[in-house]
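Colleague: Before we start, here is the structure in question, set down as structure tokens.
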Amino acid sequence: MLTRMSEREGDDYLQERYGNSQKSKRWVLPAVILFVVGGCWLIWSANHYSKPEIRTDLISFSITSPKAVSLRYAINVRTADRSHQCVLTAIDYQANIVGQITDTIPAGANNYTRQISIPTRAAAVSASIEHCS
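Sequential numbering of the sequence shown, starting at 1340, is according to the working numbering.
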């Protein structure tokens, strides 16, 4: 026959067995600290990296002749008090760079739409914005 445990003994045993003891609640404080720090970092990184210093959008390009490509693009800069430079390239059908030009954007405004002609050494099929700084 089974013997009954006292109320207190059984309660402590069941609390320990099913993870409701005081020992098992040690994870709460580190979890809250990690949640707060991680949440702050997530909010900061989302805000910081969603607004880059320089943002470019390729609007269109057209092959104007076997020796030139016309490229139209928009640039948005956060700091308008200094000039910026964009490297634009023309590419042939084998993905070789056949033309490259550096376009200097003057200081003064935050938004620009530029149309630039890129001279090429061979027939190009595409044009792109390499990078802006």
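Beta carbons are placed, not taken as given, at the ideal position from N, Cα and C, and that holds for glycine.
(1) Tell me the residue span of the beta strand (DSSP E) that contains Ser1389.
(2) Ends of the beta strand (DSSP E) at Ser1467?
(3) Expressed to the nearest angstrom, what Euclidean distance is found between the alpha-carbon atoms of Ala1466 and Tyr1388?
(4) Please list the terminal residues of the continuous beta strand (DSSP E) segment that includes Tyr1357.
(5) Give the DSSP-derived three-state secondary structure of Asp1351 in the structure shown.
(6) What residue range does the beta strand (DSSP E) around Thr1418 cover?
(7) Could you have a look at Gly1377 and say whether DSSP puts it in helix, strand or coil?
(8) By the three-class DSSP mapping on this structure, what secondary structure does Pro1458 have?
(9) Over what stretch of residues does the beta strand (DSSP E) that includes Asp1442 continue unbroken?
(10) When you compare the stretch 1441-1458 with the stretch 1414-1431, are there three or more beta-carbon pairs, one atom per stretch, that lie closer than 8 Å?
Modeller: According to the data block:
(1) Within the sequence shown, the letter at position 50 stands for residue 1389. Element bounds for Ser1389: n/a, residue is neither H nor E.
(2) In the sequence shown, counting from the first residue as 1, residue 1467 sits at position 128. Counted as a single uninterrupted DSSP element, the beta strand (DSSP E) harbouring Ser1467 occupies residues 1465-1471.
(3) In the sequence shown, residue 1466 corresponds to position 127, counting from 1. In the sequence shown, residue 1388 corresponds to position 49, counting from 1. Looking at the two C-alpha atoms, the distance is approximately 26 Å.
(4) Here residue 1357 corresponds to residue number 18 of the sequence shown, with the count starting at 1. For Tyr1357, there is no enclosing beta strand (DSSP E), as DSSP gives it neither H nor E.
(5) Locating residue 1351 in the sequence shown gives position 12, counting from the first residue. Three-state result, Asp1351: helix.
(6) Translated into the one-based positions of the sequence shown, residue 1418 becomes position 79. No beta strand (DSSP E) contains Thr1418, which DSSP labels as neither H nor E.
(7) For this step, residue 1377 is matched to residue 38 along the sequence shown. Gly1377: helix per DSSP, three-state reduction.
(8) Position 119 of the sequence shown, counting from 1, holds the residue named residue 1458. The answer is strand: DSSP assigns Pro1458 an E or B state.
(9) Walking along the sequence shown from the start, residue 1442 turns up at place 103. 1436-1444 is the span of the beta strand (DSSP E), which, as asked, contains Asp1442.
(10) A contact is defined here as three or more CB-CB pairs under 8 Å, and the stretch 1441-1458 meets this definition with respect to the stretch 1414-1431.
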